[in-house]
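Peer 1:
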Ligand SMILES: CC(C)(COP(=O)(O)OP(=O)(O)OC[C@H]1O[C@@H](n2cnc3c(N)ncnc32)[C@H](O)[C@@H]1OP(=O)(O)O)[C@@H](O)C(=O)NCCC(=O)NCCS
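In our numbering, the protein residues as written are 68 to 250.
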């Protein structure tokens with residue numbers, strides 16, 4: 068499937084802020100829960116948005132309707148690397164295949180890199196071709212298969228983007244080309 072990566076002109080991309088909660092939180096929940104077998108509680112959204120609202124980006128139409136969203140976080144992983152984690156990503160069905168999710172993920176990844184992330188992780192269902200294509204194009208690598216990871220019994224792939232390590236195997240946009248010359 069070919070994507071048109073020039074986004075529709077009426078779309079704008081904005082960073083979430085707690086002042087936007089009343090306007091957007093219920094739309095965010097609705098958009099994300101549409102494609103989940105087990106909807107998250109409001110506390111899950113607040114866990115991410117209260118602490119890492121600056122790692123959440125929204126795509127809005129000209130009337131400020133929510134068309135897409137990415138929710139993520141950034142913290143030390145088991146006392147080791149500073150790990151970004153893309154927790155939720157969804158685009159309204161009629162806007163898919165036009166580069167909206169790619170743009171949202173890029174915006175979140177760029178902030179994580181600015182904030183000195185060592186690596187970025189996420190999971191996606193093994194059958195989610197669109198998500199896997201998107202992440203692989205950006206340079207994420209499949210790191211492991213997680214058997215029956217989701218409550219519905221489906222398995223997942225964990226994807227990783229190692230921002231600072233140079234193994235020479237990265238393909239996509241955030242691959243080795245992103246590394247500083249001394250790395
Ligand atoms: C996954 C999702 C966010 C992608 O959003 P999007 O705005 O359509 O993504 P983009 O247009 O930026 O890129 C999608 C890529 O998948 C491809 N794609 C889309 N649908 C596809 C399909 N059914 N089969 C194969 N490839 C597909 C697109 O062509 C594009 O790849 P390309 O540029 O290499 O051609 C969207 O499909 C969605 O909201 N799905 C439901 C929720 C979900 O699965 N979230 C991800 C959880 S990890």
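Where is the CB? At the ideal position from N, CA and C, for every residue including glycine.
As the structure is a computational prediction, the values presented were derived from the model and not from experiment.
1. Does the stretch 91-99 touch the stretch 131-143, meaning 3 or more C-beta pairs lie closer than 8 Å?
2. Just to confirm, are residue 206 and residue 152 a CB contact at a threshold of 8 Å?
3. Output the residue ranges of the beta strand (DSSP E) runs that lie fully inside the stretch 78-102 and measure 3 residues or longer, sorted by chain position.
4. Cα-Cα, which of 107, 140, 117 and 104 is closest to residue 175?
5. Quick one: complete alpha helix (DSSP H) runs, 4+ long, within the stretch 124-164?
6. Reducing DSSP to helix, strand and coil, say where residue 248 ends up.
7. How many whole angstroms separate the CB atoms of residue 190 and residue 208, which I take to be in contact at a CB cut-off of 8 Å?
8. Residue 79: which of 231, 118, 127 and 107 sits nearest, CA to CA?
9. Three or more beta-carbon pairs under 8 Å between the stretch 216-234 and the stretch 191-199, yes or no?
10. If you follow the alpha helix (DSSP H) that residue 197 is part of, which residue opens it and which one closes it?
11. Please classify residue 169 as buried or exposed, where buried requires at least 16 neighbouring CB atoms within 10 angstroms.
12. For ligand 1, is there a heavy atom less than 7 Å away from the beta-carbon of residue 176?
Peer 2: Quick answer:
1. The answer is yes - the stretch 91-99 touches the stretch 131-143, with three or more Cβ pairs under 8 Å.
2. The beta carbons of residue 206 and residue 152 sit no closer together than 8 Å.
3. For the stretch 78-102, whole beta strand (DSSP E) runs of length 3 or above, ordered along the chain, are 79-82.
4. Residue 175 has its Cα closest to that of 140, out of 107, 140, 117 and 104.
5. Look at the stretch 124-164 and you find no whole run of alpha helix (DSSP H) that is 4 residues long or longer.
6. Below a pLDDT of 50, predicted positions are generally treated as unreliable, and residue 248, at 39, falls in that range; the measurement from the model is reported next regardless. DSSP places residue 248 in coil when its eight states are reduced to three.
7. About 13 Å separates the two Cβ atoms, so there is no contact after all.
8. The candidate whose alpha carbon is nearest that of residue 79 is 127.
9. Contact holds: three or more Cβ-Cβ distances are below 8 Å.
10. Its alpha helix (DSSP H) spans residues 196-205.
11. Residue 169 comes out buried.
12. Answer for residue 176: no, Cβ out of range of ligand 1.
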